[in-house]
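Below is one structure, written out as structure tokens; the observations come after it.
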Amino acid sequence: MAMPPLWDWKRAATLTFLALPLGLRAERSYRAMPRLPHDARAAALPSLSIIVPARNEARNLPGLLSSLRDLCYP
């Protein structure tokens, strides 16, 4: 089995050397972001309306309405 050229190894090492610190910095920045309390997130959600266009769907409506009723909007 032939070995890849040396410049491929250099390129991989360089990309790893550059990407690793950038990834660690991005993770640190993400973790430093302030978090909203659970209640604040729920209060920020808008109300929701579902419009169901149905024509000649009498057979399918009971199952559909049951599925819609069982939805759990946060």
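With the first letter of the sequence shown counted as 1, position 74 gets the number 73 in numbering that gives the first Met the number 0; the numbers rise by one all the way through.
The beta-carbon is built from N, C-alpha and C at its ideal position, and this holds for glycine as well.
Since the model is a prediction, treat every value here as computed from it, not as a measurement.
At which residues does the alpha helix (DSSP H) containing residue i begin and terminate?
i	result
P52	Premise fails: P52 is in no alpha helix (DSSP H) and is neither H nor E.
R68	L60 to R68
Helix, strand or coil for residue i per DSSP?
i	result
Y29	helix
P89	The displayed coordinates of the chain run from 0 to 73. Any statement about residue 89 would go beyond what the structure contains.
P20	helix
L44	coil
In its own chain, which residues sit with a C-beta less than 6 Å from the C-beta of residue i, not counting the 5 before and 5 after it?
i	result
L47	Y72
Worksheet item: If we count Cβ pairs, one from each stretch, closer than 8 Å, do we get three or more for the segment 49-61 versus the segment 15-23?
Response: no
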